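This report refers to the structure that appears directly beneath it.
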Amino acid sequence: MATEADPQQLHVDTFLVASGRPQRTAGSAVNVGVELTSTYAAEGAVSYARSGNPTWDAFEEALGGLEGGLALVHASGMGAISAALSLLPRGGTVVAPDTTYNGTGDLLLDHEQAGGTVRRVHATDTAGFLTALEGAHLLWLESPTNPLMDVTELDVVLARARELGVPSVVDNTLSTPLLCRPLSLGADVVVHSVTKYLSGHSDVVLGATVVPDTERGRALGARLRRHRTLHGAVAGPMEVFLALRGLRTLSVRFERASATAAELARRLEAHDAVERVRYPGAGAILSIDVQGGLEAAERVCAATRLWLHSTSLGGVESQLERRRRHPSESEQVPVNLLRLSVGIEHVDDLWADLDQALRTV
Ligand SMILES: *Cc1c(COP(=O)(O)O)cnc(C)c1O
Numbered sequence: 000m001a002t003e004a005d006p007q008q009l010h011v012d013t014f015l016v017a018s019g020r021p022q023r024t025a026g027s028a029v030n031v032g033v034e035l036t037s038t039y040a041a042e043g044a045v046s047y048a049r050s051g052n053p054t055w056d057a058f059e060e061a062l063g064g065l066e067g068g069l070a071l072v073h074a075s076g077m078g079a080i081s082a083a084l085s086l087l088p089r090g091g092t093v094v095a096p097d098t099t100y101n102g103t104g105d106l107l108l109d110h111e112q113a114g115g116t117v118r119r120v121h122a123t124d125t126a127g128f129l130t131a132l133e134g135a136h137l138l139w140l141e142s143p144t145n146p147l148m149d150v151t152e153l154d155v156v157l158a159r160a161r162e163l164g165v166p167s168v169v170d171n172t173l174s175t176p177l178l179c180r181p182l183s184l185g186a187d188v189v190v191h192s193v194t195k196y197l198s199g200h201s202d203v204v205l206g207a208t209v210v211p212d213t214e215r216g217r218a219l220g221a222r223l224r225r226h227r228t229l230h231g232a233v234a235g236p237m238e239v240f241l242a243l244r245g246l247r248t249l250s251v252r253f254e255r256a257s258a259t260a261a262e263l264a265r266r267l268e269a270h271d272a273v274e275r276v277r278y279p280g281a282g283a284i285l286s287i288d289v290q291g292g293l294e295a296a297e298r299v300c301a302a303t304r305l306w307l308h309s310t311s312l313g314g315v316e317s318q319l320e321r322r323r324r325h326p327s328e329s330e331q332v333p334v335n336l337l338r339l340s341v342g343i344e345h346v347d348d349l350w351a352d353l354d355q356a357l358r359t360v
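Residue numbers (numbering that gives the first Met the number 0): 0 to 360.
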């Protein structure tokens, strides 16, 4: 039930605040409510809460407007990714980056084990994508990739997929619609882990899919909705309420975190304990390769006091993690790589803590 925002009318900051509100009438609430009900009296628009909920509608209106399409909220990012991967026929061929979010990577391995084909291309190898797309059934993209921070030429690759009639999905979690709106570049489906920036406070697990408001997009959206209803990865209304509350401040959080990330990237480039900084030039995530290998990288994680040593990203609190501590992480990721998710604390406090931790190596 999302409606497209008219970017001519409202700036994105304003839309974030204004969208997904109940209609204004005398005495009306300013926020959508949380309806704790599993069923609805017969003959209404919704009959059962596995297929709809007014809190979902409000969040979907806001996110749909942001991405320029029709949104569906799912129980988690992986719920959204599973729904999007259901567009891939059994035994079909999918083109994907050679490093993806590790949950997605595991589902792609399952697809191969079930007899399907995965053509893996390095995220920056545009020519490789163009070749791999011939005869494929689905294109999967993430940009920048996590945690190597490689950037794909989305416009070129998506345009070719469109020419060939290959449906495309972009995981837009790291960029957020503030940096990139894949539907405007020709993508058929956007997926989000709403858990991250969109919610922004490390207090919910949630996902979303978005499709264009076109005939082709609505047909794909109907398949995603059917998957959500029948596979049942549906969100609780309280989580969606919190996500919508978090979304209100997305632009101020993301702008602050991005400015701090750019400054930290600059300072880290000059740090003796850092071999390499991987920062795509925008956004609030960067990765560093620490001098001295795996043990040195672990010491840094153990030595921070302000930076939270934990998995996940996109919260107001800064987090760092050695990604290879997860056995499912790609072997392309160096063992001494730390991913830094920059929060909204003061840059000098973050720097002081990181600097003292890096001095332990
Ligand atoms: C976290 C994440 C996911 C998975 O989302 P969950 O909400 O944890 O299920 C998918 N893609 C990316 C890029 C992520 O960072």
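Note that the Cβ used here is the ideal one computed from N, Cα and C, for glycine as well. No experiment lies behind these values; they were computed from the predicted model shown.
Pro21 counts as exposed, since fewer than 16 other beta carbons sit within 10 angstroms of its beta carbon. Taken in chain order, the whole beta strand (DSSP E) runs of length 3 or more contained in the region 87–132 are 92–96, 116–120. Rounded to the nearest whole angstrom, the CA to CA distance from Trp139 to Ala79 is 13 Å. In the three-state reduction of the DSSP assignment, Asp187 falls in the coil class. Proximity of the beta carbon of Thr194 to ligand 1 is indicated: a heavy atom of the ligand is located closer than 8 Å.
According to DSSP, residue pairing for Gly206 in a beta bridge involves His73, Ser192. Spanning the alpha carbons of Ala272 and Asp288 requires a straight line of approximately 9 Å. When DSSP states are grouped into helix, strand and coil, Trp306 belongs to the coil group. The beta carbon of Ser183 is closer than 7 Å to those of Gly67 in its chain, skipping five residues each way along the sequence. Each of Arg119, Asp97, Ala234, Arg89 was checked against the Cα of Asp56, and the nearest Cα belongs to Ala234.
According to the DSSP secondary-structure assignment, Ser340 is paired through a beta bridge with Ile284, Gln318.
For Thr38, the secondary structure class from DSSP, reduced to helix, strand or coil, is strand. Straight across, the Cα-Cα distance linking Val276 with Ala83 is about 32 Å. Around Tyr39, the same chain offers Val45, Ser46 as residues with beta carbons nearer than 6 Å, after the five sequence neighbours per side are excluded. The region 139–172 is shown to contain whole beta strand (DSSP E) runs of 3 or more residues at 167–170, in chain order. Shortest Cα-Cα distance from Gly206 to any of Pro236, Gly76, Ala221 involves Gly76.
In this structure, His136 sits near Pro88, with a CB-CB distance shorter than 9 Å.
Approximately 19 Å separates the beta-carbon atoms of Gly199 and Leu263; this is outside 8 Å, ruling out the contact. Residue state for Arg275 is assigned as strand, using DSSP reduced to three classes. Here the distance from the Cβ of Met237 to the nearest heavy atom of ligand 1 is not below 8 Å. With a 10 Å radius around the Cβ and a threshold of 16 neighbouring Cβ atoms, Gln318 comes out buried. Looking from the CA of Arg266, the closest CA among Leu62, Leu353, Gly91 belongs to Leu353. DSSP lists Val93 as the beta-bridge partner residues of Leu137. By the Cβ neighbour-count rule, Arg180 is buried, with 16 or more other Cβ atoms within 10 Å of its own. Glu316 has its alpha-carbon roughly 23 Å from the corresponding atom of Gly102. Look at Gly206: its beta carbon is less than 8 Å from one of the heavy atoms in ligand 1.
Ligand 1 approaches Thr103 closely enough that one of its heavy atoms is under 8 Å from the residue's Cβ. Ranked by how close their Cα comes to the Cα of Thr54, the residues Thr24, Leu35, Ala256 have Leu35 in first place.
At least 9 Å separates the beta-carbon of Ser257 from that of Ala218. Excluding residues up to 5 positions away in sequence, Val93, Ala95, Leu107, His110, Glu111 lie with their Cβ nearer than 7 Å to the Cβ of Val117 in the same chain. Excluding the 5 residues flanking it on each side, Arg161 has same chain C-beta neighbours closer than 8 Å at Ser167, Gly185, in chain order. Between Ser329 and Thr98, the gap from beta carbon to beta carbon is short of 9 Å. Within the model, the alpha-carbon separation for Phe14 versus Gly43 is close to 29 Å. Taking the Cα positions, Leu9 is about 44 Å away from Asn335. Counting of Cβ neighbours within 10 angstroms places Val193 among the buried residues, the total reaching 16 or more.
When the five nearest sequence neighbours on each side are left out, the beta carbons in the same chain lying within less than 6 Å of the beta carbon of Asp170 are those of Glu141, Val190, in order along the chain.
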